[in-house]
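Chains as they are written, first to last, in our numbering: chain U, 41 to 569; chain R, 4 to 333; chain X, 917 to 1179. In this text, a Cβ means the ideal position worked out from N, Cα and C, and glycines have one as well.
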């Protein structure tokens, strides 16, 4: 044993005496993790969160979260002598008086955007591969919670500098709060300490942004990761992979090095963006005042769909008995998003109700093998994309020589017509791909070589696919549709008859599939070529 | 042939294919060198960061193709940081890919479900514990506990009461009164009717008393937009027409939809556009909404001129300005 | 007589005579032309009006009417002033090439002299805003950049965007970018209110304030990229686009490389 090994052993022993760490460390250092690039999307979120904590802490050393009026005396000449809030002035100081300050501001903001992009990409991967099924429903709900809180946290974060663009966003948020029936004006006055804009909103959201929400994030992310750790990660189907095993690499050393290395990659890419691309140039926006507005005012991208929904809303308001209900704000601002996020959170339960499948799943689905789920996902994505595009309709209009009026009507109609269209097209596409898989297994790969038989017939030579590939293309399950009874053995109609009928119909739609190729069929065809 | 359909079988994990580094020591050495180069690049990145931070002046700009003129200090610190971090990561990943063991390992999944015996014991423990706690047999304790906890839940709500004042009539009142002069924003200069040409706009605020200080709260409800048209271009009823003066009409600048500043006036169409959500208002018809999500026109301020010819408000706004709320009656 | 004859034959006689002649002709010419130039200024103005009228009849009257009284498709130009003409024709917006919803800036058809002639002609029809002289455009001396920024954000940013990059109006109209626009044209646009743009009278925004705004616009134009590549200075839309293309693209690229088997 070398001196180094002996010292290391002593240290390990010292710690183990007091914690019993050796036992669970031994177990966990050899834990197996499956390897696929799409499994790194969640890591992008995790590492972005760490970067946000680090860069954010840096910024708190200089930022002054106060709305008291100061006169700017820093080095940025176009704002010299102007009155502004201390929050805005301190953000200018971070940008222009602190070396690396603007870089850290930009890294923080790019990291926030990447965090949200990572969440959406990770959500799409988990959704389209069915990784949310039992036993991972809790993790899915935590994930939707992280998505929602991430949107709020980002909005609060870019509102802290109190510039013209983000101040406009706060004005709009206040209008949504104010529009709530019965309690709206009270909640708005409590949140803002009086009428808008007041003097307490920025310091209050500062507390939420640097303390409350990060604490909740830390807790949720910890539970999220612990569940993945304990339940073990899912894996793509393939040779040697079953519902009862995990095939991959042990944590130490390969996985640790790769995952640890990826943290530095994410940090490096974020720093790269912060170095070369300007983001949130608050000195150009100017300090917030309610009397000013800029053309092309948008929230950050992850709220663009909300802005788009508000823009396309019909001008509906009811006035009755001396009171007003602003449907044009409540529907796009609260009701629709509420339905969307609730539906998203409950989806695992909706799907298991629709298919009747209550078993555990650790093997992922290839999206084509779950055509209904994939089509629903495409539908939701289309809806989100139309609303997102409408959020930037004025900039799109000037760039592509369209009119905002055209964009608005396209969005109003498109948001209703395009999603069902996407559903139909996607489902058809999945079934076509299933057919192509089936053909590949039964007939082999088309090599493109033409051969003339002695009989004069021309055939294309097909190469049989490997056993591994054949297994990959046929290992998926094809669940039979539910056949819940509508009447019991004696012919009496059950009380749950209608519910069962609906469920049967939905599960029939979900179960639509091209039958898998079987070994029997393959053998039958062998004689033909 | 049997009537049972046979499915395609799992051929099992494919045989492990060795990397060139596993077989050829030269390839392994090459990989090692590549990893080392990446780590050295990272160190160079940190050196660039340190150099830029300490030595590069704040006012130097250098030209980079595609990106244009860049702030040298920021670029140096940022690219230094980016290279330093990225290359550590790339080095670690390359090391893992090429030199660390890459044989796939199979581990078994365990069932999560506790066995029935454990489950029964768990239920038994909880039931017994609850029984000895006596909650079921002692309703007095249960009820008083419920009352104590329930009441204490009100405390945090109550302690937040002073977060803000009650709205009262804050949302319905502005600083505009009969006789308040309109002054320019910025500048605080009073305006005469002849100061505006046909087709002109002016951003205005109410004149302040000499000792008054204007806050953002004031601007958020007081901002008014003046527009001058030809009087014959108006399409108003008699009352609203009497609120104009020689073709000059005044509207609240705070959008009736969600409160953004509405000042985008299209001189030829006589439309006002709010850039936030594209609500469009027709000035000739008292800011009637003709497109977009706003459900109400902009409140109109009745104006006239005083004895010296300066534009003044005839009266306060006849309705609350800004976005709608529950207590608003129209 | 003998002395005069002797002087006439002096060596220096020729040169002295030459100088004397030049002097005489020069001064005579000066006096004579001084009188003439005054007549030429008034003369040159009426020449300009005539020249302008000819250009107008050829290139503008088909839409604006023979007497600039306007018509179905073009407004009257009586009273718009030289400033309007200088702006519209000088930036190439007029003559309008296609009858779209808005006249676009393009290569001017007429040169500076012709523009001046047109402007003089239109100004002669009725009083209107004059072309601002250089004395009125010394924004570097008379303008305050910081004050101009506040004025710009209050009066202009809602159409032209916070960094003067331009913005959307209704039905396909747009407020153009102000980058690279001459101070004279910015000033003229403010006082004449071209097309959809409203008029900013000198009492609502004083000439000094207008100069401050021009100073700010010019400072914004020449402002270096302080944080990095500017992404168009239109706000979060292009930032989100970059993160969904370059950002996630780089990261997924590395992830794919990470998970690939080494050979």
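Residue i at chain U interface by Cβ criterion, 8 Å
i	result
residue 1066/X	yes
residue 24/R	no
Cβ of residue i within 8 Å of any chain R Cβ
i	result
residue 1127/X	no
residue 951/X	Confidence is the limiting factor: at residue 951/X the pLDDT is only 49, short of 50, which leaves the residue's position unreliable, though a coordinate-based value still follows. Answer no: the Cβ-Cβ gap between residue 951/X and chain R never drops below 8 Å.
residue 956/X	Per-residue confidence for residue 956/X stands at a pLDDT of 49, beneath the threshold of 50, marking its modelled position as unreliable; the derived number appears in the next sentence. No, because no Cβ of chain R sits closer than 8 Å to the Cβ of residue 956/X.
residue 68/U	no
residue 179/U	no
residue 1179/X	yes
residue 1153/X	no
residue 1036/X	no
residue 111/U	no
residue 1142/X	yes
residue 1025/X	no
Residue burial classification, residue i (beta-carbon count within 10 angstroms, cutoff 16)
i	result
residue 154/R	exposed
residue 186/U	buried
residue 54/R	exposed
residue 290/R	buried
residue 952/X	In this predicted model, residue 952/X has a pLDDT of only 49, less than 50, meaning its place in the structure is not dependable enough to derive any value.
residue 1098/X	exposed
residue 932/X	exposed
residue 238/U	buried
residue 195/U	buried
residue 955/X	Note that residue 955/X has pLDDT 49, beneath the 50 cutoff, so the model's placement of it is unreliable and no number is given.
residue 512/U	buried
residue 187/R	buried
residue 184/R	buried
residue 48/U	exposed
residue 4/R	Any reading at residue 4/R must be qualified, since the residue scores a pLDDT of 47, below 50, and its modelled position is unreliable; the value itself is stated next. So residue 4/R counts as exposed.
Residue(s) in a DSSP beta bridge with residue i
i	result
residue 358/U	365/U
residue 203/U	327/U
residue 285/R	274/R, 291/R
residue 527/U	533/U
residue 303/R	254/R
residue 498/U	492/U
residue 109/U	125/U
Chain-ordered neighbours of residue i on chain U, where CB pairs are closer than 7 Å
i	result
residue 38/R	By Cβ distance, chain U contributes nothing, its closest Cβ being about 10 Å from residue 38/R, past 7 Å.
residue 54/R	Within chain U, no residue comes near residue 54/R; the closest Cβ sits about 12 Å away, beyond 7 Å.
Contact with chain B by residue i, beta-carbon distance below 8 Å
i	result
residue 1145/X	Absent from the structure: chain B. Protein chains present are U, R and X.
Proximal residues of chain R, C-beta to C-beta of residue i below 9 Å
i	result
residue 559/U	8, 9, 10, 11, 12
residue 1048/X	Result: empty, since nearest Cβ-Cβ is about 16 Å, beyond 9 Å.
residue 272/U	110, 112, 113
Minimum Cβ-Cβ distance from residue i to chain X less than 8 Å
i	result
residue 72/R	yes
residue 29/R	no
residue 6/U	Nothing in the structure corresponds to residue 6/U, since chain U is present only between 41 and 569.
residue 325/U	yes
Residue i: contacting residues in chain R (beta-carbon distance under 7 Å)
i	result
residue 1111/X	271
Chain X residues whose Cβ lies nearer than 8 Å to that of residue i
i	result
residue 119/U	1062, 1065
Listed by chain order, chain R residues near residue i by CB distance under 8 Å
i	result
residue 332/U	264
Proximal chain X residues relative to residue i, where beta-carbon distance stays under 9 Å
i	result
residue 298/U	1174, 1175
Chain-ordered chain U contacts of residue i [CB-CB under 9 Å]
i	result
residue 1057/X	By Cβ distance, chain U contributes nothing, its closest Cβ being about 16 Å from residue 1057/X, past 9 Å.
### Interface positions of the stretch 112–129 of chain R facing chain U (Cβ-Cβ less than 7 Å), listed along the chain
The stretch 112–129 of chain R vs chain U, Cβ under 7 Å: 112, 115.
### Query
What are the residues of the stretch 69–97 of chain U that lie near chain X, defined by any Cβ-Cβ distance shorter than 7 Å?
75, 76, 77, 80, 84
### Task
Below 9 Å between beta carbons is the criterion; list the residues of the stretch 1072–1095 of chain X that meet it against any residue of chain U, in chain order.
Answer in chain order: 1073, 1074, 1075, 1076, 1077, 1078, 1079, 1081, 1082, 1083, 1084, 1085, 1086, 1087, 1088, 1089, 1090, 1091.
### Positions along the stretch 432–447 of chain U whose CB lies within less than 8 Å of some CB in chain R
Of all residues in the stretch 432–447 of chain U, only 433, 434, 444, 445 come within less than 8 Å of chain R when Cβ atoms are compared, listed by chain position.
### Query
Which residues, in chain order, does the stretch 377–390 of chain U contribute to contact with chain R at a C-beta distance below 8 Å?
none
### Query
Taking any Cβ of chain U, which residues in the stretch 280–302 of chain R have a Cβ under 9 Å from it, in chain order?
Look at the stretch 280–302 of chain R: the residues with a C-beta under 9 Å from a C-beta of chain U are 280, 281, 282, 283, 292, 294, 295, 296, 297, 298, 299.
### Query
Of the residues that make up the stretch 1159–1172 of chain X, which ones have a beta carbon closer than 9 Å to any beta carbon in chain U?
1159, 1160, 1162, 1163, 1164, 1166, 1167, 1168, 1170, 1171, 1172
### Query
Using a beta-carbon distance cut-off of less than 8 Å, what residues from the stretch 201–220 of chain U approach chain R?
Here the close residues are 208, 211, 212, 214, 215, 216, 218, 219, 220.
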